[in-house]
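To keep things clear, I will list the structure first and then write my remarks on it.
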Amino acid sequence: MARLSLFNSPLLLGFDHFERALDRVSKVSSDGYPPYNIEQLGESALRITLAVAGFAMSDLKLTIEDNQLVVRGKQSDDDNRLYLHRGIAARQFQRSFVLAEGIEVRGAWLDNGLLHIDLTRPPVETRVRTIDIRDGAGKSDAIELTRTTPTLVRSSK
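Residue 520 in this note's numbering sits at position 8 of the sequence shown; the count goes up by one each step and never skips.
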């Protein structure tokens, strides 16, 4: 069965990267751990805050992979402790956020069990470019495609 494309209009040229981004978003785990907030701090500033209580800075890793912000956390078990009840699990997680083109990570910090990640979007400069239209009679500047047949070259020893 063929998959229906959201961007299959002939007027939407070159938007296939949006479709790939939507595919990545749909594949993101639906696990709600760790919980997070996304705040808008200004016209072009965002903050992602993740609740990572019990994780030290050395347990957390923040990477950008193909316009995707990935936060990983892995706690190590302390084998020297003897638990009578263990309600706080030492578990690992991976939380991904797909970033739009141009979004930059400005910094991250851990404060009272909350991991804050600041993002900015630089202002987009509008570009206007004029394309010259040439007369079809002057084909000397046009790119010419020629079909060639392979030739066999024999070498003598």
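Glycine is no exception: its CB is placed at the ideal position from the N, C-alpha and C atoms.
Handout entry: Exposure of L562, with buried meaning 16 or more beta-carbon neighbours within 10 Å
Key = buried
Problem - Nearest-angstrom Cα separation, counted from R584 out to T642 - result: 46 Å
Handout entry: Rounded straight-line distance, which links the Cα of W621 to that of S472
Key = Absent from the model: residue 472. The displayed extent of the chain is 513 to 669, so no value can be given.
Practice task
Could you round the C-beta distance between R633 and Y548 to whole angstroms and report it? I think they count as a contact, below 8 Å.
Solution key: Not really, about 19 Å apart at Cβ, beyond 8 Å.
Problem - Where the beta strand (DSSP E) containing L572 begins and where it ends - result: 572-576
Exercise for the section: Locate the beta strand (DSSP E) running through G619, then write down its first and last residues. Expected result: 616-623
Exercise for the section: Pick out whichever of Q587, I560, R559 has its Cα sitting closest to the Cα of D571. Expected result: Q587
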